[in-house]
Amino acid sequence: MRAAALGLLTNGLLATIKLTAGIVGHSYALIADAIESAMDVFSSLIVWRGMVVASRPADTGHPYGHGRAETLAAAAVALMLLGAAAVILYQSIREIIEPHQAPAPFTLLVLLGVVLVKEGLFRVVDRIGTQIESAAVTTDAWHHRSDAITSAAAALGISVSLIGGPRYATADEWAAIFASAIIAFNGWRLLKAPLKELMEAEPSGDVILRARATAARVTGVKKVEKCRGHKMGYGYFLEMHIEVDGTMSVRQAHEVAHRVKDAVQSALPRVNNVTVHIEPFTETTP
(Lines of atoms letter the chains of each structure in order from A and count residues from 1; the text may use other names and numbers.)
(Lines give C-alpha, C1' and ligand atoms only; values in the text may rest on other atoms or scores of the structure.)
Protein backbone atom coordinates (compact mmCIF):
# COMPACT_ATOMS: atom_id res chain seq x y z
CA MET A 1 0.00 0.00 0.00
CA ARG A 2 2.98 2.28 0.57
CA ALA A 3 3.95 1.81 -3.10
CA ALA A 4 0.44 2.69 -4.28
CA ALA A 5 0.30 5.82 -2.11
CA LEU A 6 3.70 6.98 -3.40
CA GLY A 7 2.62 6.44 -7.00
CA LEU A 8 -0.70 8.18 -6.44
CA LEU A 9 0.84 11.37 -5.07
CA THR A 10 3.66 11.53 -7.64
CA ASN A 11 1.44 10.81 -10.64
CA GLY A 12 -1.18 13.33 -9.60
CA LEU A 13 1.42 16.07 -9.38
CA LEU A 14 3.18 15.09 -12.64
CA ALA A 15 -0.08 14.81 -14.59
CA THR A 16 -1.01 18.36 -13.60
CA ILE A 17 2.42 19.76 -14.49
CA LYS A 18 2.62 17.96 -17.85
CA LEU A 19 -0.92 18.83 -18.92
CA THR A 20 -0.40 22.51 -18.13
CA ALA A 21 3.01 22.61 -19.84
CA GLY A 22 1.69 20.67 -22.84
CA ILE A 23 -1.23 23.03 -23.42
CA VAL A 24 0.79 26.21 -22.89
CA GLY A 25 3.79 24.88 -24.85
CA HIS A 26 1.76 23.39 -27.75
CA SER A 27 3.22 19.88 -27.32
CA TYR A 28 0.89 16.98 -27.97
CA ALA A 29 3.60 14.52 -26.91
CA LEU A 30 3.57 16.21 -23.51
CA ILE A 31 -0.24 16.20 -23.39
CA ALA A 32 -0.19 12.49 -24.29
CA ASP A 33 2.30 11.99 -21.50
CA ALA A 34 -0.07 13.78 -19.13
CA ILE A 35 -2.87 11.45 -20.21
CA GLU A 36 -0.70 8.47 -19.32
CA SER A 37 0.14 9.99 -15.95
CA ALA A 38 -3.57 10.48 -15.31
CA MET A 39 -4.06 6.80 -16.14
CA ASP A 40 -1.28 6.08 -13.65
CA VAL A 41 -3.29 7.87 -10.97
CA PHE A 42 -6.25 5.58 -11.59
CA SER A 43 -3.98 2.53 -11.75
CA SER A 44 -2.42 3.43 -8.39
CA LEU A 45 -5.92 3.76 -6.91
CA ILE A 46 -6.85 0.35 -8.32
CA VAL A 47 -3.67 -1.23 -6.95
CA TRP A 48 -4.22 0.36 -3.54
CA ARG A 49 -7.82 -0.83 -3.37
CA GLY A 50 -6.90 -4.28 -4.65
CA MET A 51 -4.23 -4.68 -1.98
CA VAL A 52 -6.59 -3.51 0.76
CA VAL A 53 -9.21 -6.09 -0.25
CA ALA A 54 -6.60 -8.84 -0.82
CA SER A 55 -5.22 -8.38 2.70
CA ARG A 56 -8.58 -9.16 4.32
CA PRO A 57 -8.71 -12.52 6.12
CA ALA A 58 -10.88 -15.39 4.91
CA ASP A 59 -14.54 -15.29 5.94
CA THR A 60 -17.65 -17.44 5.50
CA GLY A 61 -18.36 -15.96 2.09
CA HIS A 62 -14.73 -16.21 0.94
CA PRO A 63 -13.21 -19.30 2.62
CA TYR A 64 -10.05 -19.05 0.51
CA GLY A 65 -9.52 -15.38 1.31
CA HIS A 66 -9.66 -12.32 -0.94
CA GLY A 67 -6.34 -12.74 -2.76
CA ARG A 68 -7.93 -12.63 -6.21
CA ALA A 69 -8.53 -8.89 -5.69
CA GLU A 70 -4.78 -8.35 -6.11
CA THR A 71 -4.78 -10.40 -9.32
CA LEU A 72 -7.77 -8.50 -10.72
CA ALA A 73 -6.06 -5.20 -9.87
CA ALA A 74 -2.97 -6.30 -11.82
CA ALA A 75 -5.11 -7.23 -14.83
CA ALA A 76 -6.99 -3.93 -14.66
CA VAL A 77 -3.76 -1.90 -14.60
CA ALA A 78 -2.38 -3.84 -17.59
CA LEU A 79 -5.60 -3.19 -19.52
CA MET A 80 -5.35 0.49 -18.66
CA LEU A 81 -1.87 0.52 -20.20
CA LEU A 82 -3.32 -0.92 -23.41
CA GLY A 83 -6.11 1.67 -23.30
CA ALA A 84 -3.64 4.52 -22.81
CA ALA A 85 -1.61 3.29 -25.79
CA ALA A 86 -4.72 3.29 -28.00
CA VAL A 87 -5.72 6.82 -26.95
CA ILE A 88 -2.22 8.21 -27.53
CA LEU A 89 -1.98 6.52 -30.95
CA TYR A 90 -5.35 7.89 -32.07
CA GLN A 91 -4.68 11.44 -30.92
CA SER A 92 -1.15 11.47 -32.37
CA ILE A 93 -2.42 10.48 -35.82
CA ARG A 94 -5.02 13.26 -35.63
CA GLU A 95 -2.33 15.80 -34.77
CA ILE A 96 -0.15 14.65 -37.71
CA ILE A 97 -3.05 15.15 -40.13
CA GLU A 98 -3.95 18.60 -38.78
CA PRO A 99 -1.27 21.36 -39.00
CA HIS A 100 -0.21 22.74 -35.64
CA GLN A 101 2.29 25.01 -33.94
CA ALA A 102 5.75 23.69 -32.99
CA PRO A 103 6.23 22.94 -29.26
CA ALA A 104 7.86 25.53 -26.99
CA PRO A 105 11.48 24.89 -25.85
CA PHE A 106 10.60 24.82 -22.13
CA THR A 107 8.54 21.64 -22.66
CA LEU A 108 11.80 19.77 -23.24
CA LEU A 109 13.06 20.65 -19.75
CA VAL A 110 9.76 19.52 -18.22
CA LEU A 111 10.03 16.14 -19.94
CA LEU A 112 13.63 15.54 -18.91
CA GLY A 113 12.65 16.18 -15.29
CA VAL A 114 9.73 13.77 -15.62
CA VAL A 115 12.01 11.03 -17.00
CA LEU A 116 14.25 11.22 -13.93
CA VAL A 117 11.35 11.22 -11.46
CA LYS A 118 9.44 8.36 -13.12
CA GLU A 119 12.49 6.13 -13.56
CA GLY A 120 13.33 6.63 -9.88
CA LEU A 121 9.74 5.82 -8.94
CA PHE A 122 9.84 2.67 -11.09
CA ARG A 123 12.92 1.39 -9.27
CA VAL A 124 11.42 1.98 -5.82
CA VAL A 125 8.01 0.43 -6.59
CA ASP A 126 9.48 -2.49 -8.56
CA ARG A 127 11.73 -3.36 -5.62
CA ILE A 128 8.71 -3.38 -3.29
CA GLY A 129 6.72 -5.53 -5.75
CA THR A 130 9.56 -8.05 -6.00
CA GLN A 131 9.93 -8.23 -2.22
CA ILE A 132 6.25 -9.00 -1.59
CA GLU A 133 5.76 -10.97 -4.85
CA SER A 134 2.82 -8.80 -5.88
CA ALA A 135 1.80 -8.85 -9.54
CA ALA A 136 -0.29 -5.70 -9.02
CA VAL A 137 2.59 -3.68 -7.55
CA THR A 138 5.05 -4.94 -10.19
CA THR A 139 2.59 -4.04 -12.95
CA ASP A 140 2.12 -0.60 -11.43
CA ALA A 141 5.91 -0.18 -11.35
CA TRP A 142 6.09 -0.87 -15.08
CA HIS A 143 3.34 1.67 -15.56
CA HIS A 144 5.80 4.19 -14.10
CA ARG A 145 8.58 3.02 -16.43
CA SER A 146 6.22 3.27 -19.41
CA ASP A 147 5.62 6.86 -18.40
CA ALA A 148 9.39 7.44 -18.29
CA ILE A 149 9.70 5.91 -21.77
CA THR A 150 6.92 8.06 -23.23
CA SER A 151 8.52 11.13 -21.68
CA ALA A 152 11.93 10.22 -23.15
CA ALA A 153 10.36 9.63 -26.57
CA ALA A 154 8.48 12.92 -26.34
CA ALA A 155 11.71 14.72 -25.36
CA LEU A 156 13.41 13.26 -28.42
CA GLY A 157 10.52 14.29 -30.67
CA ILE A 158 10.46 17.83 -29.32
CA SER A 159 14.24 18.11 -29.74
CA VAL A 160 13.98 17.08 -33.40
CA SER A 161 11.07 19.48 -33.92
CA LEU A 162 12.93 22.41 -32.36
CA ILE A 163 16.21 21.73 -34.17
CA GLY A 164 14.69 20.84 -37.56
CA GLY A 165 12.19 23.66 -37.69
CA PRO A 166 8.75 23.61 -39.41
CA ARG A 167 9.69 20.69 -41.68
CA TYR A 168 9.95 18.47 -38.60
CA ALA A 169 6.98 19.87 -36.68
CA THR A 170 5.31 16.43 -36.55
CA ALA A 171 8.34 14.77 -34.90
CA ASP A 172 6.58 15.42 -31.60
CA GLU A 173 3.61 13.27 -32.67
CA TRP A 174 5.75 10.52 -34.22
CA ALA A 175 7.55 10.25 -30.90
CA ALA A 176 4.18 9.83 -29.18
CA ILE A 177 3.25 7.05 -31.64
CA PHE A 178 6.53 5.27 -30.92
CA ALA A 179 5.84 5.60 -27.20
CA SER A 180 2.32 4.17 -27.62
CA ALA A 181 3.81 1.04 -29.23
CA ILE A 182 6.13 0.54 -26.25
CA ILE A 183 3.25 1.08 -23.81
CA ALA A 184 1.08 -1.45 -25.67
CA PHE A 185 3.88 -4.02 -25.63
CA ASN A 186 4.39 -3.61 -21.87
CA GLY A 187 0.64 -3.73 -21.26
CA TRP A 188 0.30 -7.05 -23.05
CA ARG A 189 3.41 -8.47 -21.37
CA LEU A 190 2.16 -7.50 -17.92
CA LEU A 191 -1.35 -8.82 -18.60
CA LYS A 192 -0.07 -12.37 -19.02
CA ALA A 193 0.91 -12.87 -15.34
CA PRO A 194 -2.53 -12.09 -13.81
CA LEU A 195 -4.22 -14.07 -16.61
CA LYS A 196 -2.14 -17.10 -15.66
CA GLU A 197 -3.21 -16.72 -12.03
CA LEU A 198 -6.86 -16.36 -13.00
CA MET A 199 -6.54 -19.51 -15.14
CA GLU A 200 -5.08 -21.43 -12.16
CA ALA A 201 -1.67 -21.89 -13.79
CA GLU A 202 1.09 -23.74 -11.94
CA PRO A 203 3.02 -21.43 -9.56
CA SER A 204 6.23 -20.05 -11.03
CA GLY A 205 9.60 -20.53 -9.39
CA ASP A 206 10.54 -23.40 -7.11
CA VAL A 207 7.47 -23.44 -4.84
CA ILE A 208 6.33 -26.91 -5.96
CA LEU A 209 9.84 -28.40 -5.89
CA ARG A 210 10.53 -27.09 -2.39
CA ALA A 211 7.15 -28.29 -1.13
CA ARG A 212 7.78 -31.80 -2.51
CA ALA A 213 11.27 -31.94 -1.02
CA THR A 214 10.01 -30.77 2.38
CA ALA A 215 7.15 -33.29 2.45
CA ALA A 216 9.47 -36.14 1.44
CA ARG A 217 11.59 -35.55 4.56
CA VAL A 218 8.64 -35.86 6.97
CA THR A 219 8.70 -39.00 9.12
CA GLY A 220 6.13 -41.50 7.89
CA VAL A 221 6.06 -40.33 4.27
CA LYS A 222 7.10 -43.10 1.90
CA LYS A 223 6.60 -41.14 -1.31
CA VAL A 224 5.24 -37.82 -2.56
CA GLU A 225 3.12 -38.97 -5.47
CA LYS A 226 1.74 -35.61 -6.57
CA CYS A 227 2.02 -31.94 -5.70
CA ARG A 228 0.20 -29.13 -7.45
CA GLY A 229 -1.13 -25.73 -6.56
CA HIS A 230 -1.99 -22.21 -7.58
CA LYS A 231 -1.22 -18.67 -6.51
CA MET A 232 -3.95 -16.51 -5.04
CA GLY A 233 -2.97 -12.95 -4.27
CA TYR A 234 0.10 -12.96 -2.05
CA GLY A 235 -0.04 -16.65 -1.13
CA TYR A 236 -0.21 -20.18 -2.49
CA PHE A 237 -2.66 -23.04 -2.05
CA LEU A 238 -1.18 -26.52 -2.51
CA GLU A 239 -2.62 -30.00 -2.90
CA MET A 240 -0.40 -33.00 -2.15
CA HIS A 241 -0.85 -36.75 -2.54
CA ILE A 242 1.49 -38.66 -0.24
CA GLU A 243 1.91 -42.38 0.25
CA VAL A 244 2.31 -43.93 3.70
CA ASP A 245 2.60 -47.45 5.09
CA GLY A 246 -0.64 -49.23 4.17
CA THR A 247 -0.84 -50.83 7.63
CA MET A 248 -1.11 -47.47 9.40
CA SER A 249 -4.27 -46.66 11.30
CA VAL A 250 -6.41 -43.75 10.17
CA ARG A 251 -5.26 -41.76 13.21
CA GLN A 252 -1.58 -42.36 12.43
CA ALA A 253 -2.01 -41.43 8.77
CA HIS A 254 -3.91 -38.30 9.82
CA GLU A 255 -1.00 -37.30 12.07
CA VAL A 256 1.44 -37.75 9.18
CA ALA A 257 -0.74 -35.51 7.01
CA HIS A 258 -0.68 -32.80 9.68
CA ARG A 259 3.10 -33.05 10.00
CA VAL A 260 3.41 -32.64 6.23
CA LYS A 261 1.16 -29.57 6.26
CA ASP A 262 3.03 -27.97 9.17
CA ALA A 263 6.44 -28.70 7.63
CA VAL A 264 5.54 -27.23 4.24
CA GLN A 265 3.99 -24.08 5.72
CA SER A 266 7.01 -23.65 8.01
CA ALA A 267 9.45 -23.97 5.08
CA LEU A 268 7.31 -21.83 2.76
CA PRO A 269 5.59 -19.06 4.79
CA ARG A 270 3.68 -17.82 1.73
CA VAL A 271 1.79 -21.12 1.47
CA ASN A 272 -1.61 -20.36 3.00
CA ASN A 273 -2.94 -23.90 3.00
CA VAL A 274 -1.92 -27.45 2.10
CA THR A 275 -4.54 -30.11 1.41
CA VAL A 276 -2.95 -33.53 1.96
CA HIS A 277 -4.41 -36.72 0.50
CA ILE A 278 -3.22 -40.00 2.04
CA GLU A 279 -2.70 -43.11 -0.09
CA PRO A 280 -1.28 -46.56 0.81
CA PHE A 281 2.26 -47.31 -0.33
CA THR A 282 3.23 -50.58 -1.96
CA GLU A 283 6.47 -51.59 -3.64
CA THR A 284 4.64 -51.87 -6.97
CA THR A 285 3.26 -48.33 -6.82
CA PRO A 286 4.26 -46.57 -10.09
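Residue numbering for the sequence shown follows the working numbering, beginning at 83 and increasing consecutively. We treat Cβ as the ideally placed atom computed from N, Cα and C, and that holds for glycine.
According to DSSP, His312 shares a beta bridge with Phe319.
It is roughly 44 Å from the alpha-carbon of Ile264 to the alpha-carbon of Ala297. Residue environment analysis places Lys308 among the exposed positions, since fewer than 16 neighbouring C-beta atoms fall within 10 angstroms of its C-beta. Around the beta carbon of Phe319, 16 or more other beta carbons sit within 10 angstroms, so the residue counts as buried. Setting aside the 5 residues that flank it on each side, Ile99 has no residue in the same chain whose C-beta is closer than 6 Å to its C-beta. The Cβ atoms of Thr153 and Pro276 sit closer than 7 Å to each other.
Listed in chain order, the alpha helix (DSSP H) elements of length 4 or more contained wholly in the region 235-274 amount to none. At the C-beta level, Ala237 and Leu280 stay beyond 7 Å of one another.
Every alpha helix (DSSP H) of 4 residues or more that sits fully in the region 152-228 is shown, in chain order, as 188-214.
When rounded, the separation of the alpha-carbon atoms in Asp208 and His340 is 37 Å. Lys305 has Glu325 as its beta-bridge partners, per DSSP.
A distance below 6 Å between beta-carbons, with the five flanking residues on each side excluded, links Ala114 to the following residues of its chain, in chain order: Ile170 and Ala258. Short of 6 Å from the beta carbon of Phe260, and not among the five residues preceding or following it, lie these beta carbons of its own chain, in chain order: Ala235.
A direct Cα-to-Cα measurement between Lys278 and Met314 gives close to 11 Å. Of the candidates Arg310, Gly311, Lys343 and Glu361, the residue whose Cα lies closest to the Cα of Ser331 is Glu361. With the rule of 3 Cβ pairs closer than 8 Å, the region 120-138 does not count as touching the region 239-246. Non-local beta-carbon contacts of Ala349 in its own chain, meaning distances under 8 Å to residues more than five positions away in sequence, involve Arg292, Ala293 and Thr296 in chain order. By the criterion of a C-beta distance shorter than 6 Å, Ala223 is surrounded in its chain by Phe204, Val207, Asp208 and Gly211, once the five residues flanking it on both sides are discounted. Note that the region 213-221 does not touch the region 176-186; fewer than 3 beta-carbon pairs, one per stretch, sit closer than 8 Å. Per DSSP, the unbroken alpha helix (DSSP H) holding Val332 starts and ends at Val332 to Ala349. The DSSP-derived three-state label of Val356 is strand. A straight line joining the alpha-carbon of Leu90 with that of Leu190 spans about 24 Å. Rounded to whole angstroms, Glu325 and Leu163 show a C-alpha spacing of 48 Å. As the crow flies, the alpha-carbon of Lys304 is around 26 Å from that of Arg352. For Glu282, the three-state secondary structure derived from DSSP is coil.
In the three-state DSSP reduction, Pro145 falls in the coil class, being neither helix nor strand.
Listed as beta-bridge partners of Pro362 by DSSP are Val326.
Residue environment: Pro145 is assigned as exposed (fewer than 16 neighbouring CB atoms within 10 Å of its CB, all protein chains considered).
Annotation for Glu177: Tyr110 and Glu255 place their beta carbon closer than 7 Å to its own, counting only its chain and skipping 5 residues before and after. The continuous alpha helix (DSSP H) containing Arg292 extends over residues Val289 to Ala298.
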